[in-house]
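The block underneath contains the structure these notes are about, expressed in structure tokens.
Structure follows, in structure tokens:
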């Protein structure tokens, strides 16, 4: 949807906007911060936050799919600004509205990182790390928890991904076969890769045993 030159100009403008946002938040000028976000998204991304929230993730991604290939830069930028808006709303005590935006941001940014990788100038990996440690994952929907789980595995955070799998199971959103498939993927990894992700080979074997026991107990 956006050509490379346009996007690089937009990245520079986003850097200025993020700097201005930081200043407004530090001064407690929340309404001005919200206005800045809305104006930037509308003008540069052609997408207001309310419209983004009203669309399913698939429909929003399809809107930025010119030529059949989703525009990862634009989708990542929308996710970044939704995260910024969610943070401002949280500072204002508008927790429900904040959570909506943070969840959407997590899912969009996770999608970009899994399918495209980092985007220059957006710092999406750092943003995702903050999102999965905050209310978007902890208090969000099973859909958002699943997006966090998928990103954690993709990013090599295997111990965290295992924890999210159990949370999905408790929420009724992951079945026995899906868990076994997850563990099979981990079994195929080298010990070094597992270790970097927070799991030893012995812990992996124990995880498989516990998963089998849990799912059998639930089924009986």
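Residue numbers (our numbering): 125 to 344.
For every residue, glycine included, the Cβ atom is placed at its ideal position computed from N, Cα and C.
Sequence-distant residues of its chain with Cβ nearer than 7 Å to residue 188 (five each side left out)
Around residue 188: 125, 194, 195, 198 and 199.
How is the alpha helix (DSSP H) around residue 194 delimited, first residue to last?
Unbroken run through residue 194: none, as it is neither H nor E.
Along the chain, where does the alpha helix (DSSP H) that runs through residue 180 open and close?
Annotation for residue 180: no alpha helix (DSSP H) segment contains it, and DSSP assigns it neither H nor E.
Find the nearest neighbour of residue 210 within the set 236, 151 and 254, judged by alpha-carbon distance.
With distances taken between Cα atoms, residue 210 lies closest to 254.
Report buried or exposed for residue 281, applying the criterion of at least 16 other Cβ atoms within 10 angstroms of its Cβ.
Label assigned to residue 281: buried.
Closest to residue 137 by CA distance: which of 311, 313, 152 and 163 is it?
Between residue 137 and the set 311, 313, 152 and 163, the nearest pair of CA atoms involves 163.
Name the residue from 299, 295, 228 and 319 whose alpha carbon lies nearest to the alpha carbon of residue 183.
The shortest Cα separation from residue 183 among 299, 295, 228 and 319 belongs to 228.
Pull up the distance between the alpha-carbon of residue 287 and that of residue 324, whole angstroms please.
Distance between the alpha carbons of residue 287 and residue 324 is about 15 Å.
On the CB-based measure, 16 or more other CB atoms within 10 Å of its CB, does residue 268 come out buried or exposed?
Its Cβ being crowded by 16 or more others within 10 Å, residue 268 is buried.
Judging by CA-CA distance, which residue of 277, 341 and 308 is the nearest neighbour of residue 320?
In terms of Cα proximity to residue 320, the closest of 277, 341 and 308 is 277.
Please tell me whether, using a cut-off of 7 Å, the distance from the CB of residue 268 to the nearest non-hydrogen atom of the ligand HEM is below it.
Among the components modelled here there is no ligand, and therefore nothing to report on the ligand HEM.
Secondary structure at residue 153, three-state DSSP: helix, strand or coil?
Here residue 153 sits in coil by DSSP.
What runs of the alpha helix (DSSP H), each 4 residues or longer, lie entirely inside the region 195-250?
Counting only unbroken stretches of 4 or more residues, the alpha helix (DSSP H) elements lying wholly within the region 195-250 are 196-215 and 219-239, in sequence order.
Between which two residues does the alpha helix (DSSP H) containing residue 261 stretch?
It spans 259-262 - the alpha helix (DSSP H) in which residue 261 sits, taken as one unbroken run.
Residue 279 - containing alpha helix (DSSP H), residue span
Taken as a continuous stretch (DSSP letters only), residue 279 belongs to no alpha helix (DSSP H), as it is neither H nor E.
From residue 215 to residue 154, what does the alpha carbon distance come to, in whole angstroms?
Taking the straight line from one Cα to the other gives about 8 Å.
Give a yes or no on whether the C-beta atoms belonging to residue 141 and residue 160 are separated by under 8 Å.
Yes.
Does DSSP put residue 314 in a helix, in a strand, or in coil?
For residue 314, the three-state secondary structure derived from DSSP is coil.
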